[in-house]
Every structure is written in structure tokens, then in C-alpha cells.
Amino acid sequence: MKKAIYWKIRRFNKIYIARHIGADPDALGSSIGLREIIKETFPKKEVYAIGASSTKFKYMGQVDKVKEEDFSDALLIVLDTPDLKRIDGVKNINEFKDVIKIDHHPAVDNFGSISWVDDTESSVCQMIIELVYATKFKMTKYAAERLFMGLVSDTNRFLFYYTSPKTMSLVARLINDTHIDFTSLYDDLYARPLSEIRLQGYMFQNMIVTENGFAYIKLTDEIIRKFEVDPASSGNLVNNFNNINEVLVWVTFSEDIKQNQIRVNARSRGPIINKVLEKYNGGGHKFSSGARLKNFDEMEDLIKELDDLCKNYNNSNKKR
Ligand SMILES: [Mn+2]
Numbered sequence: 191m192k193k194a195i196y197w198k199i200r201r202f203n204k205i206y207i208a209r210h211i212g213a214d215p216d217a218l219g220s221s222i223g224l225r226e227i228i229k230e231t232f233p234k235k236e237v238y239a240i241g242a243s244s245t246k247f248k249y250m251g252q253v254d255k256v257k258e259e260d261f262s263d264a265l266l267i268v269l270d271t272p273d274l275k276r277i278d279g280v281k282n283i284n285e286f287k288d289v290i291k292i293d294h295h296p297a298v299d300n301f302g303s304i305s306w307v308d309d310t311e312s313s314v315c316q317m318i319i320e321l322v323y324a325t326k327f328k329m330t331k332y333a334a335e336r337l338f339m340g341l342v343s344d345t346n347r348f349l350f351y352y353t354s355p356k357t358m359s360l361v362a363r364l365i366n367d368t369h370i371d372f373t374s375l376y377d378d379l380y381a382r383p384l385s386e387i388r389l390q391g392y393m394f395q396n397m398i399v400t401e402n403g404f405a406y407i408k409l410t411d412e413i414i415r416k417f418e419v420d421p422a423s424s425g426n427l428v429n430n431f432n433n434i435n436e437v438l439v440w441v442t443f444s445e446d447i448k449q450n451q452i453r454v455n456a457r458s459r460g461p462i463i464n465k466v467l468e469k470y471n472g473g474g475h476k477f478s479s480g481a482r483l484k485n486f487d488e489m490e491d492l493i494k495e496l497d498d499l500c501k502n503y504n505n506s507n508k509k510r
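Numbering (the working numbering), first residue to last: 191 to 510.
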């Protein structure tokens, strides 16, 4: 599989690397990292990392501005994106001559003449490191930093369950080979503005926790503005609510006036939540999913369903 990916990339002179909308460090790190790796290995190729640029994660590197042109002789590589509709910057993958999919989410749409999908992988950054070490691709220090940051971010500093011995050995090899100063990278990844910390305090104080262990917080546009953050970063705070004894599943609902939708970020430390979120224009991993709602009315249905999920989970675990 990895060798086939290498040979396919080798065959194309023009390559576009895409990832999901609402880019996170894994999406940015894998696409920008892979761009640098392909360019280092094949300096004559035209390689672009596409999708909207991210101010929040600008330390991950620059994306390329490309005009919608003729893609008919180009290869498209889609990273970290399980479904066609969430590919950032690509309306129709059929415009490209060929497509490769590399992802660690449970598959939603099957696409690509080569599709390397493995949901036991911690991150797509991990998969790119593996790809380099299994082929003749050349790693660079810049790419290694991006890949390290994406992997660390997606595993929440090696905390999540899909962190494996393979994760650890790949990271050890990466650091050994490239001598990246990895501890200094944490400043970029984890330094946060005071406004966000204050919002987090508000969320801890005001989240509602049901007797079944379901916790949620509704963040209206008014509150998000008051704390001077944006709907995306308020949603990302969901990651800081793990390890609470009384909470099994927790969700943030952030109102996004510009997009006219409610961003839903959900996490779990037991019940499998992605199947529920899929019904609400979303999806993701078993214990980490998201969705988009049209309005706060839809929120009530989702709250009910996730609360019931927790209730059933508690009941079935009691019986054992
Ligand atoms: Mn990812």
C-alpha cells in the first residue's frame, strides 16, 4: 500500500494535497509536511497544499493559493477526511486525473484509486511518517516538526486510546533522525490567550451535567463575543473536559452567526458517539465527533439522544 502510494506520487508532475474543512494541526501538519517531503524527494514536481489558511494555527505553515484551473493532469491526495463533502477547496474529485485517500477516520465515503484508511492510526501525521519510512521519500526537519505537532495534537499529547507502541517508536525514530527541538514546539501548540482561558472557566462553571453523566454547554454568539473568542476555538475547548468523574459524554454547542449554524463538538470516555452525530450532519471518531446544526431547536433532540446513550451505557455496565 505505502509503496503503491510512493509510485503513484512519483508518476505525477502536478500534485494537490487537500484535507478537511475547519483544519486542525493534524490536517495542516500532514498536508504541509507531505508537500515538503514530496518537494524534497522530487524537486521538479509542482506540489500544493490546498484549503483555507488558518490564522489560529499559522505556526503549522503556509498553505498554497491555487486558482481553479485544469486539474485533468493532476493527482489529488486527500488527507484526514472521511467524506467527500468535507474536503476543503475541492468541489469535485473527478476533475483530477487520479486520487489517493489517506485517513484514520472510520470510512464514510470510499474514494481514490488507492485508499489507505486505518482507524487504528493515531493521526494522519503518523501515517505520513510511516509512509516516509516505508519508501524512498526523504524527510526534512521542517516536515518532521509539522508531523510531530499534528500527531501530538491528535493524540492529545499521547493521552488518547489510539496512541500505540507504533506511535511511540515512529516518533522516537523521527526525533532521532531529524533532531527536532520538540519541547520548544509545545509553546506554539499550547500557549493560549487569556480570553480563551476565561471562557473555559465560564464553561466549567456553567455546564449542565445530567444524572446519566451527560454534560453540555450552550455558547451563544453573545457569550462567545463577550469572551472575545470565535466559534471554532470555543468548540476546541471541548478537549479540556475529559477526566471528570461525573461526566461520560460531553458536548459544546457554539453558535456561529457567520455560517448560520451551531457547531457541535462531542467527546466521550465510554459510549460510542459518532453514530449519533452522523444523524445530525456530522460524524467522526468513536469517542470524538462533531456535527453542524441549523439552530438551537435541533440541539434539544441531540441532547436527549446523547443523554439516553449515557443512560443505556450505565445500565448495560451495571448488569455485568
Ligand atoms: Mn486527524
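Ideal placement from N, C-alpha and C gives every residue a C-beta, glycine not left out.
Note that the structure is predicted; figures quoted are calculated from it, not measured.
Apart from the five residues just before and just after residue i, which ones in its own chain have a Cβ nearer than 7 angstroms to its Cβ?
i: threonine 368; result: Met329, Lys331, Ala334
i: alanine 297; result: Pro272, Val307
i: glycine 472; result: Val454, Ser479, Gly480, Ala481, Arg482
i: valine 342; result: Leu379
i: valine 322; result: Ile227, Met329
i: histidine 295; result: Pro272, Asp309, Gly474, His475
i: aspartate 263; result: Lys204, Lys287
i: arginine 276; result: His210, Ile211
i: isoleucine 195; result: Ile290, Ile304, Trp306, Leu321
i: phenylalanine 372; result: Phe338, Ile365
i: valine 419; result: Ser385, Glu386, Leu389
Between which residues of its own chain and residue i is the CB-CB distance below 8 angstroms, once the five residues before and five after are set aside?
i: alanine 242; result: Ile211, Ala213, Val253, Asp278, Gly279
i: threonine 345; result: Ser312, Ser313, Tyr352, Thr353, Thr357
i: leucine 438; result: Asn402, Gly403, Phe404, Ser458, Arg459, Gly460, Pro461, Cys500, Tyr503, Asn504
i: isoleucine 452; result: Phe443, Ser444, Glu445, Asp446, Arg482, Leu483, Lys484, Asn485, Phe486, Glu488, Met489
i: phenylalanine 301; result: Val268, Leu274, Ile283, Val289, Lys291
i: phenylalanine 417; result: Ser385, Glu386, Arg388, Leu389, Tyr392, Ser424
Between which two residues does the beta strand (DSSP E) containing residue i stretch?
i: arginine 482; result: 478–483
i: asparagine 455; result: 451–458
i: serine 444; result: 439–446
i: leucine 269; result: 265–269
i: lysine 204; result: 204–208
i: valine 513; result: Limits of the chain in this structure are 191 at one end and 510 at the other, which puts residue 513 out of reach.
i: valine 289; result: 288–293
i: glycine 212; result: Premise fails: glycine 212 is in no beta strand (DSSP E) and is neither H nor E.
i: glycine 472; result: 472–474
Taking the continuous alpha helix (DSSP H) assigned at residue i, which residues delimit it?
i: glutamate 418; result: Run containing glutamate 418: none; DSSP gives neither H nor E here.
i: asparagine 366; result: 355–368
i: valine 342; result: 331–344
i: isoleucine 319; result: 314–324
i: lysine 192; result: 192–201
i: aspartate 216; result: 215–231
i: glutamate 236; result: Unbroken run through glutamate 236 is the beta strand (DSSP E), 236–239; no alpha helix (DSSP H).
i: phenylalanine 404; result: That residue, phenylalanine 404, is in no alpha helix (DSSP H); its beta strand (DSSP E) goes 404–409.
i: aspartate 378; result: 372–380
i: leucine 467; result: 464–468
i: leucine 389; result: 384–396
Just the Cα atoms here: how many angstroms apart are residue i and residue j?
i: isoleucine 370; j: methionine 317; result: 19 angstroms
i: isoleucine 395; j: glutamate 320; result: Note that residue 395 corresponds to glutamine in the displayed sequence, not to isoleucine. The alpha-carbon atoms of glutamine 395 and glutamate 320 are separated by roughly 42 angstroms.
i: valine 466; j: lysine 234; result: 46 angstroms
i: asparagine 435; j: phenylalanine 404; result: 11 angstroms
i: lysine 192; j: alanine 324; result: 7 angstroms
i: tyrosine 376; j: arginine 336; result: 12 angstroms
i: lysine 257; j: tyrosine 238; result: 11 angstroms
i: asparagine 366; j: isoleucine 413; result: 46 angstroms
i: arginine 201; j: leucine 349; result: 38 angstroms
i: phenylalanine 338; j: isoleucine 493; result: 35 angstroms
i: glycine 223; j: lysine 508; result: 46 angstroms
i: lysine 246; j: arginine 415; result: 17 angstroms
i: serine 303; j: lysine 198; result: 10 angstroms
i: alanine 381; j: serine 374; result: 11 angstroms
i: phenylalanine 555; j: glutamate 236; result: Residue coverage of the chain in this structure runs from 191 to 510, which leaves residue 555 outside it and unanswerable.
i: aspartate 497; j: arginine 347; result: 29 angstroms
i: aspartate 216; j: methionine 250; result: 9 angstroms
i: lysine 326; j: serine 244; result: 31 angstroms
i: asparagine 450; j: asparagine 433; result: 32 angstroms
i: glutamate 468; j: glycine 340; result: 25 angstroms
i: glutamate 259; j: alanine 422; result: 30 angstroms
Does at least one heavy atom of ligand 3 sit under 7 angstroms from the Cβ of residue i?
i: serine 359; result: Here the bound small molecules are ligand 1; ligand 3 is not part of this structure.
Considering only residues of the same chain and omitting the five flanking positions on each side of residue i, which have a CB-CB separation below 6 angstroms?
i: phenylalanine 477; result: Ser458
i: glutamate 230; result: Lys328, Thr330
i: phenylalanine 431; result: Trp440
i: leucine 269; result: Arg209, Ser220, Ser221, Ile292, Val314
i: lysine 408; result: Phe443
i: isoleucine 207; result: Ser221, Leu224, Arg225, Ala239, Ile267
i: threonine 410; result: Glu445
Quick one: is residue i near chain C, going by C-beta distance under 8 angstroms?
i: aspartate 214; result: Of the protein chains in the structure, only one exists, and it is not chain C.
Task: Cβ pair count under 8 angstroms reaching 3, the stretch 383–395 against the stretch 423–432 - done: Flag = yes, the stretch 383–395 and the stretch 423–432 touch.
Task: contact_flag[the stretch 394–414, the stretch 358–367] where n(CB pairs < 8 angstroms) is 3 or more - done: No, the stretch 394–414 does not touch the stretch 358–367.
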